[in-house]
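Heads up: the structure comes next, in structure tokens.
What follows is the structure, given as structure tokens:
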């Protein structure tokens with residue numbers, strides 16, 4: 001079980017797509033920093049993210065910092081930094097995509 | 099658990115050093131141990147004590163320094179990345195006959211082996227990329 005973090009917007013960079021190609025269904029993908037743009041509802045990537053095999057989560061403080069809390073896709077859950085740390089503990093390793 | 103962090107991003111350009119800082123604080127909140135924080139590539143600019151951000155902004159290098167001092171955490175800067183970017187300690191400054199040095203307190207210059215060592219010793223190595 002791997003925790004993947006993606007910190008780039010899919011509108012600007014290929015990291016989310018590369019990560020989704022590599023991640024397995026047992027993995028978890030955490031969108032941080034500009035990565036949170038991938039989880040907006042009605043966006044170009046929302047269908048892809050909502051139907052992805054690995055579980056996808058979003059770092060709430062980074063969503064909030066961008067004024068996007070109410071724009072998040074309704075099927076995607078958020079975590080705070082406490083949750084981020086817990087995810088790194090419950091997964092065997094962390095792979096950062098940047 | 100024992101954690102180490104790798105920071106690749108330049109402060110004031112990328113969010114990664116702030117993300118790493120918030121993550122590091124939360125690690126200590128939850129009772130984890132931080133073995134080392136390693137600054138690589140443009141991340142070495144986090145160690146420049148001559149940065150002067152406006153007063154209503156965070157001074158990123160001094161924030162790292164206080165955090166490390168208060169919690170006894172090792173901040174290691176990749177020496178090869180640092181020298182080519184002009185981040186020097188006293189001994190490197192003398193060696194290359196420069197008129198000053200600029201590494202922030204509580205940071206040390208060392209080799210890439212320290213990142214490998216951190217990966218071996220720690221239960222988790224978390225990278226904050228630029």
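Protein chains in written order, with this note's numbering: chain A, 1 to 98; chain B, 99 to 228.
Glycine residues also receive a C-beta, built at the ideal position from the N, C-alpha and C atoms.
Quick one: grab the DSSP three-state call for residue 144 of chain B. For the purposes of this step, residue 144 of chain B is taken as the residue at position 46 of the second chain. Correct three-state label for residue 144 of chain B: helix.
Who are the near neighbours of residue 209 of chain B in its chain, counting only those whose CB is closer than 8 Å to its CB and skipping five residues on each side? By 1-based counting over the second chain, the position of residue 209 of chain B is 111. Excluding sequence neighbours, residue 209 of chain B sits near 176, 177 and 178.
Run of the alpha helix (DSSP H) containing residue 165 of chain B, from where it starts to where it stops: Stepping through the second chain from its first residue, residue 165 of chain B is reached at position 67. Counting along the chain, the alpha helix (DSSP H) containing residue 165 of chain B begins and ends at 158-169.
Separation of residue 88 of chain A from residue 26 of chain A, as counted between CA atoms: Within the first chain, the letter at position 26 stands for residue 26 of chain A. Within the first chain, the letter at position 88 stands for residue 88 of chain A. Rounded to whole angstroms, residue 26 of chain A to residue 88 of chain A spans 14 Å at the Cα level.
In chain A, what lies closer than 8 Å to residue 149 of chain B by C-beta? As a working note, residue 149 of chain B is residue 51 in the second chain. Ordered by position in chain A, no residue passes the 8 Å Cβ test against residue 149 of chain B, which lies about 21 Å from the chain.
So, under 8 Å CB-CB, residue 171 of chain B and residue 132 of chain B are touching, yes? Tell me the CB distance rounded to an integer number of Å. Translated into the one-based positions of the second chain, residue 171 of chain B becomes position 73. Translated into the one-based positions of the second chain, residue 132 of chain B becomes position 34. About 5 Å separates the two Cβ atoms, so the contact holds.
Using 7 Å as the threshold, is the C-beta distance between residue 95 of chain A and residue 63 of chain A below it? Locating residue 95 of chain A in the first chain gives position 95, counting from the first residue. Locating residue 63 of chain A in the first chain gives position 63, counting from the first residue. Taking 7 Å as the Cβ cut-off, residue 95 of chain A and residue 63 of chain A do not qualify as a contacting pair.
Cβ shell of residue 169 of chain B (< 7 Å), same chain only, five flanking positions each side left out: Sequence index remark: in the second chain, residue 169 of chain B carries index 71 (1-based). Taken in chain order, the residues that qualify are 126.
What are the residues that DSSP puts in a beta bridge with residue 131 of chain B? Within the second chain, residue 131 of chain B is the residue found at index 33, counting from 1. Answer is B:100.
By alpha-carbon positions, which one of A:24, A:8, A:7 and A:32 ends up nearest to residue 80 of chain A? Mapped onto the first chain, residue 80 of chain A falls at position 80. Of A:24, A:8, A:7 and A:32, the residue nearest in Cα terms is A:32.
Considering only DSSP beta bridges, list what residue 2 of chain A is partnered with. The residue given as residue 2 of chain A occupies position 2 in the first chain. For residue 2 of chain A, which the question treats as bridged, DSSP gives the partners A:93.
Going by beta-carbon coordinates alone, are residue 137 of chain B and residue 144 of chain B separated by less than 7 Å? Translated into positions along the second chain, residue 137 of chain B becomes position 39. Translated into positions along the second chain, residue 144 of chain B becomes position 46. Taking 7 Å as the Cβ cut-off, residue 137 of chain B and residue 144 of chain B qualify as a contacting pair.
For residue 58 of chain A, would you say it is in contact with chain B, using Cβ-to-Cβ distances shorter than 7 Å as the test? The sequence position of residue 58 of chain A within the first chain is 58, counting from 1. So no, residue 58 of chain A is outside the interface.
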